[in-house]
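Everything in the first sequence is counted per our numbering, starting at 8 for the first residue and increasing by one.
Glycine is no exception: its CB is placed at the ideal position from the N, C-alpha and C atoms.
This structure is a prediction, so every number in the text was calculated from the model and none was measured.
Heads up: the structure comes next, in structure tokens.
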Amino acid sequence: MPQTSSSLHLFADVLARVHAACRALAKDAGWPEGIDYARVVVEPPRDASHGDMATNAAMVLAKEAKAKPRELAEQIAEKLRADALIAKVDVAGPGFINLTLKPAAWAEALRTVLREGPDYGRISGGSKVNVEYVSANPTGPMHVGHCRGAVFGDALASLLQFGGHDVTREYYINDAGAQVDVLARSAFLRYREALGEDIGAIPEGLYPGDYLKPVGQALANEHGDKLRAMSEAEWLPTVRAKAIAMMMDEIKDDLAALNIRHDVFFSERSLIETGNNKVAETIDFLKAKGDIYEGRLPPPKGAPVEDWEDREQLLFKATAYGDDVDRPLIKSDNSYTYFASDIAYHKNKFDRGFAEMIDVWGADHGGYIKRMQAAVKATTSGKGSLDVKIVQLVKLLRNGEPVKMSKRSGDFVTLREVVDEVGQDAVRFMMLYRKNDAVLDFDLAKVMEQSRDNPVFYVQYGHARGHSIFRNARAEVFPDLPEDAGKRIAWLSESAVERLSDPVELELLKRLAIYPRMLEAAAAAHEPHRIAFYLYDLASEFHALWTKGRDLPYLRFIINNDADLTKARLAMVQGVVSVLASGLAILGVHAPNEMR
RNA sequence: GCGCUCGUAGCUCAGCUGGAUAGAGCAUCGGAUUUCGAUUCCGAGGGUCGGAGGUUCGAAUCCUUCCGAGCGCGCCA
């Protein structure tokens with residue numbers, strides 16, 4: 008079980024109290040041993056009039072306690088009424104127990120936020136996880152399609168890290184297939200061009216983009232015209248290696264523009280090195296387990312395959328692990344299938360100590376999930392787990408109109424073009440402001456807008472507004488209010504936060520109190536988008552409170568004749584600022600102190 | 001034909017892994033705003049959660065089956 012970094016957070020705390028009440032009752036009433044309390048949850052009720060928190064304990068336990076839910080609820084409620092933290096306990100509906108906490112609970116929650124600062128909500132003691140994302144083919148610069156998976160994988164990795172996992176960010180370089188040979192041939196053409204040859208139009212089947220010109224030039228600088236005299240078999244490995252290296256440099260640059268850095272770049276080619284052939288090893292391993300056999304497959308059912316030949320081939324028994332058909336490992340030309348090296352790759356991850364693996368793939372790879380999970384099951388004897396997150400297509404728009412493809416880069420809009428136009432923050436936030444498996448419209452014009460319609464601006468502005476309040480407070484009442492975040496938090500942590508009592512203020516404190524719980528759920532579900540939505544809600548409540556102060560002067564953050572209350576309010580603002588900064592940091596989005 | 005993903009307000013989407021009367025933003029309509037720093041706030045209308053069954057105290061959520069959309073369907077990666 009992961010441990011929270013310091014004291015329990017409010018929801019976890021209350022849940023523990025509910026559990027304790029149930030256990031005490033179990034003893035009194037002589038319930039059977041071994042009841043599973045895990046299904047008992049404490050959550051905020053949808054309707055605030057029901058109280059601060061609600062638990063389903065009675066309804067979940069009724070069967071095992073051999074009692075009617077409502078009656079059981081009354082008994083649990085009676086126990087909870089004795090709790091010092093709880094002001095009011097009601098039984099409602101089919102057996103809900105609604106809890107209203109004493110105001111001191113919210114004050115304490117805010118103190119927790121301030122005390123833990125940037126570590127509020129952080130958990131330690133989690134397991135090792137490998138997150139593999141991007142893994143774009145090294146055949147050209149990254150295009151917008153790659154962008155979403157890149158941002159999603161990176162944010163997910165950060166989220167898991169904050170949730171205490173030991174996370175490795177990994178990139179799998181597909182540098183062994185036919186496509187890198189095509190890359191090499193395309194680069195060779197540019198090499199000849201760099202030597203002054205007129206190469207004419209790029210032939211069908213080769214990569215036409217201008218981005219290979221620098222590769223050709225580099226080859227010419229390095230090798231002069233020596234390569235030209237060689238046969239393809241001779242020059243190809245050299246040209247290929249150079250082209251891949253240069254493409255990877257470019258990809259790393261593109262990723263850096265999004266502030267994405269991987270820990271491990273893993274080469275597919277390294278798996279099939281002579282003398283250390285991991286693919287062959289893996290196949291032998293599975294053979295020994297009896298998961299591989301020579302057999303025939305039925306022809307594919309969908310679109311007819313023209314050159315289909317029914318042949319005996321080496322097959323992985325994927326159906327034994329939940330896949331629909333068995334999968335081939337060796338092609339008719341005797342080289343390994345992509346799947347074969349992918350099995351070896353995932354086994355390698357497991358062998359490196361990653362029992363938990365997460366892959367982020369594009370939507371077009373959806374049909375590949377089952378077989379990969381089957382392979383992981385087989386190679387790890389069920390000890391490894393693979394979660395595959397599919398990121399859906401991004402539709403690039405400008406003012407609602409689809410964006411035309413860029414001429415410059417060949418046939419696609421590059422990631423760099425988009426980042427250069429709208430900025431790293433907007434790209435990152437918007438890519439995460441949607442569930443990963445839903446198609447996303449990305450409007451270049453809209454994400455630049457400064458309005459509520461644009462969540463990036465709205466959330467960042469919330470953070471900036473908090474700092475603006477500090478600046479004003481410093482000018483008007485508290486010249487000592489420190490600028491440094493750590494010092495400011497320390498300075499504010501002595502304030503009389505129990506003076507915060509207005510319902511709108513308490514709403515805000517409740518929102519802050521729920522942050523750790525939201526993070527935990529988001530991490531468990533591998534869904535960073537929940538953070539983005541949470542931050543939007545938090546910013547929204549903060550802006551609302553700010554505006555309210557215009558009509559109701561007693562709600563303004565700075566109250567001239569009441570320094571204590573002002574300080575308490577500033578502590579609350581600090582809580583909002585801290586959590587906004589924390590959440591944005593996980594998403595990899597900057598939290599500006601002022602908007603320009 | 002099969003598999004995967006999805007279907008929630010006019011539009012774009014949330015919905016905390018089964019909880020109470022399903023929520024935001026935009027758009028529409030009606031208000032507030034000579035500000036601690038904007039581009040903000042408040043309110044109203046708008047729903048057969050694609051349809052139909054089922055599971056149970058309880059379903060947008062789980063199971064079945066239709067309808068519709070996207071993606072994929074030996075040796076491509």
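- As summarised for the stretch 194 to 268, the continuous alpha helix (DSSP H) elements at least 4 residues long and confined to that stretch are 220 to 230 and 239 to 264, given in chain order.
- Annotation: residue 288 to residue 355 spans about 11 Å, alpha carbon to alpha carbon.
- Secondary structure at residue 173: strand, using DSSP grouped into helix, strand and coil.
- The three-state reading of DSSP puts residue 602 in coil, since its state is none of H, G, I, E or B.
- Counting only unbroken stretches of 3 or more residues, the beta strand (DSSP E) elements lying wholly within the stretch 329 to 386 are 363 to 369, in sequence order.
- Taking C-beta separations shorter than 7 Å and ignoring five residues to either side along the sequence, the partners of residue 600 in its chain run 471 and 474, following chain order.
- Apart from the 5 residues on each side of it in sequence, residue 173 sits with its Cβ closer than 8 Å to the Cβ of 133, 134, 135 and 136 in its chain, given in chain order.
- In this structure, residue 552 sits away from residue 577, with a CB-CB distance that is not shorter than 9 Å.
- In this structure, DSSP gives residue 487 a state outside helix and strand, which the three-state scheme calls coil.
- Cβ atoms of residue 587 and residue 493 stay farther apart than 8 Å, at about 17 Å.
- In the DSSP assignment, no residue is bridged to residue 540.
- The C-alpha of residue 59 is placed about 7 Å away from the C-alpha of residue 105.
- Linking residue 121 to residue 33 through their CA atoms gives a straight-line distance of about 37 Å.
- Distance from the CA atom of residue 545 to the CA atom of residue 221, rounded to whole angstroms, is 48 Å.
- Excluding its 5 nearest sequence neighbours in each direction, residue 452 has C-beta neighbours in its own chain below 7 Å: 405 and 406, listed in chain order.
- The alpha-carbon separation between residue 254 and residue 336 amounts to approximately 28 Å.
- Residue pairing by DSSP places residue 470 opposite no residue, since no beta bridge is assigned to it.
- Secondary structure remark: continuous beta strand (DSSP E) runs of at least 3 residues inside the stretch 109 to 138: none found.
- Pairing residue 373 with residue 187, the inter-Cα distance amounts to about 23 Å.
- A check of alpha carbon separations from residue 353 across 325, 370, 340 and 385 identifies 385 as the nearest.
- Taking C-beta separations shorter than 7 Å and ignoring five residues to either side along the sequence, the partners of residue 572 in its chain run 506 and 566, following chain order.
- According to the DSSP assignment, residue 301 belongs to the beta strand (DSSP E) that extends over 299 to 302.
- Remark: fewer than three beta-carbon pairs, one from each stretch, lie closer than 8 Å, so the stretch 273 to 289 and the stretch 151 to 165 are not flagged as touching.
- Cβ-Cβ distances below 8 Å link residue 168 to 174 in the same chain, with the five nearest sequence neighbours on each side left out; the list follows chain order.
- Residue 179 carries a strand assignment under DSSP once its states are collapsed to helix, strand and coil.
- DSSP places residue 143 outside both helix and strand once states are collapsed to three, so it counts as coil.
- Under the three-state reduction of DSSP output, residue 404 falls in the strand class.
- Under DSSP, residue 107 forms a beta bridge with 95.
- Ranking 212, 232 and 215 by CA distance to the CA of residue 199 puts 232 first.
- Within a 10 Å sphere around the beta-carbon of residue 535 sit 16 or more other beta-carbons, which makes this residue buried.
- A direct Cα-to-Cα measurement between residue 258 and residue 595 gives close to 19 Å.
- Taking C-alpha positions only, residue 176 is separated from residue 398 by approximately 17 Å.
- In this structure residue 350 does not touch residue 322 by the C-beta definition: roughly 12 Å separates them, more than the 8 Å allowed.
- Separation of the CB atoms of residue 31 and residue 86 is rounded to 6 Å, and the pair is thereby assigned contact status at 8 Å.
- Per DSSP, the beta-bridge partners of residue 150 are 421.
- In terms of Cβ geometry, residue 71 and residue 38 form a close pair [threshold 9 Å].
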